[in-house]
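Numbering (my numbering), first residue to last: 1021 to 1333. In this text, a Cβ means the ideal position worked out from N, Cα and C, and glycines have one as well. Step one of this worksheet: look at the structure below.
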């Protein structure tokens, strides 16, 4: 019989909550930040001032088998379910989700949206295809049976996203088109460049200001402060290849940005052993592929995105 318990700091339930993903994922597929999960549960995360979280762990025959974390925002009728992990058992998943739904209703929520790892800024969405492939850094990744578990528990698919693969541009016609777009923006007074590592802290705040405006219409988007943004993303400066970060300025004002990062897969979530540290440096120096994390341009400069892409292709 399924037994569901709340997860509190410094408890066995917390240990089980943090350990469950390691039981059901292969190491190369494990995309877990224990530090982030712990901070959200303890209330010490940069976003904790804006949210209330409740974590739960389910046991079958005294063995942890399913988990999830509900996030609530003031003046929001929805609760957000994230950090969901489960064995492949439909009855267990449906019973667990129904329990969380009842808890959410008791706190005034009228619906549950997910998967959302507490916030747009920390991760959302469920991978529907390609789950057998190794994960991409920054992209959602889950086990193949999760979509069916959620559908059977009553969830409906509302938004669909596509992740695209782009080979390095080799066709001369495409190269010429991108080069022409790049040159036309330079001639129009735009400066397109890569920031230096020591400039990134200041430059990232300019990116945040523009991103905060451009992404307003994204589902579940919620604005945060520049301080929260800096605290959440400060670690990225150590793994970014700044030659693949492009900023476009017009009269000293940021007009667009492109942030691409070497694809480290799950490596950035693993313990920093000497071997893994060496792998990180090697991947940063000789990446097989990059992931475009963020791309945005001021609405009045449409076409600038192609110019930003040209230097990295």
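Here residue 1142 is not near residue 1078, since their CB atoms are 8 Å or more apart. Taking the Cβ atoms as the reference, residue 1198 lies roughly 16 Å from residue 1321, outside the contact range of under 8 Å. Counting along the chain, the unbroken alpha helix (DSSP H) around residue 1304 starts and ends at 1294-1305. Between residue 1049 and residue 1155, the CB-CB gap stays under 8 Å.
A contact is defined here as three or more CB-CB pairs under 8 Å, and the stretch 1104-1123 meets this definition with respect to the stretch 1083-1091. Annotation: residue 1039 to residue 1200 spans about 52 Å, alpha carbon to alpha carbon.
DSSP links residue 1252 through a beta bridge to no other residue. Note on geometry: alpha-carbon atoms of residue 1250 and residue 1256 lie some 10 Å from one another.
The C-beta of residue 1065 has 16 or more other C-beta atoms within 10 Å across all chains shown, which makes the residue buried. The Cβ-Cβ distance between residue 1138 and residue 1060 falls below 8 Å. Judged by pairs of C-beta atoms under 8 Å, the stretch 1302-1315 touches the stretch 1280-1289, as three or more such pairs exist.
Put simply, of 1261, 1267, 1149 and 1135 the residue whose alpha carbon is nearest the alpha carbon of residue 1300 is 1261. The residue among 1081, 1291 and 1094 with its C-alpha nearest the C-alpha of residue 1069 is 1094. The C-beta distance from residue 1324 to residue 1268 rounds to 6 Å, short enough to fall under 8 Å. Residues 1022 and 1112 of the same chain have their beta carbon placed closer than 7 Å to that of residue 1080, with the five preceding and five following residues left out of the count.
The C-alpha of residue 1259 lies about 14 Å from the C-alpha of residue 1221. Looking from the CA of residue 1184, the closest CA among 1242, 1159, 1169 and 1073 belongs to 1159. A distance of 8 Å or more separates the beta carbons of residue 1058 and residue 1248. C-alpha of residue 1228 to C-alpha of residue 1242: approximately 13 Å in a straight line. Taking C-beta atoms as the reference points, residue 1172 and residue 1131 fail to come closer than 8 Å. With a contact defined as Cβ atoms closer than 8 Å, residue 1240 and residue 1133 qualify at about 7 Å.
Residue 1118 and residue 1223 have their C-alpha atoms roughly 45 Å apart. Between residue 1076 and residue 1027, the gap from beta carbon to beta carbon is short of 8 Å. Residue nearest to residue 1147 within the set 1042, 1164 and 1140 is 1164 (criterion: CA-CA distance). Residue 1079: not part of any alpha helix (DSSP H); member of the beta strand (DSSP E) spanning 1072-1080, first to last residue. Every alpha helix (DSSP H) of 4 residues or more that sits fully in the stretch 1154-1208 is shown, in chain order, as 1166-1172 and 1192-1207. Measuring C-alpha to C-alpha distances from residue 1025 to each of 1181, 1100, 1116 and 1263 identifies 1116 as the nearest.
Looking from the CA of residue 1174, the closest CA among 1186, 1121, 1144 and 1219 belongs to 1121.
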